[in-house]
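Undergrad: Dropping a structure here in structure tokens format, bear with me for questions.
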Amino acid sequence: MATPAIETIVKMLEFQPEEIQSQAAEYLQRWLAELEDEAHWNEDFARSQMGLYESAREARKQIAENKAEPMDFDRL
0 MATPAIETIV KMLEFQPEEI QSQAAEYLQR WLAELEDEAH WNEDFARSQM
50 GLYESAREAR KQIAENKAEP MDFDRL
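Letter by letter, the sequence shown follows residues 0 to 75 in numbering that gives the first Met the number 0.
Here it is, written out as structure tokens:
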């Protein structure tokens, strides 16, 4: 079911020439694809943040228990 805002946009576009309608449709498709891509990026980022949080928590725990070893950056 379309919202009143969508219905208004459709009515506005109905009175435009076909070329303008096509351009508007292409623009909206690209814009919606970008929104979807951004939503996926935000989900991925949120998951990685939780992983970083867990890694930091584990590192602090190892430091507190004197089990931590200095990082050898040459081994990376």
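We put the beta carbon where it would ideally sit given N, CA and C, even for glycine.
Every value quoted in this text rests on a predicted model; they were computed, and no experiment measured them.
(1) So, helix, strand or coil for Lys66, using DSSP?
(2) Hey, would you say Leu103 sits closer than 7 Å to Ala23, going by beta carbons?
(3) What are the boundary residues of the alpha helix (DSSP H) that includes Leu12?
TA: Based on what the coordinates show:
(1) Walking along the sequence shown from the start, residue 66 turns up at place 67. It is coil, neither helix nor strand.
(2) Residue 103 falls outside the range modelled here, since the chain spans only 0 to 75, and no answer is possible.
(3) Position 13 of the sequence shown, counting from 1, holds the residue named residue 12. Taken as a continuous stretch (DSSP letters only), the alpha helix (DSSP H) holding Leu12 covers 3-13.
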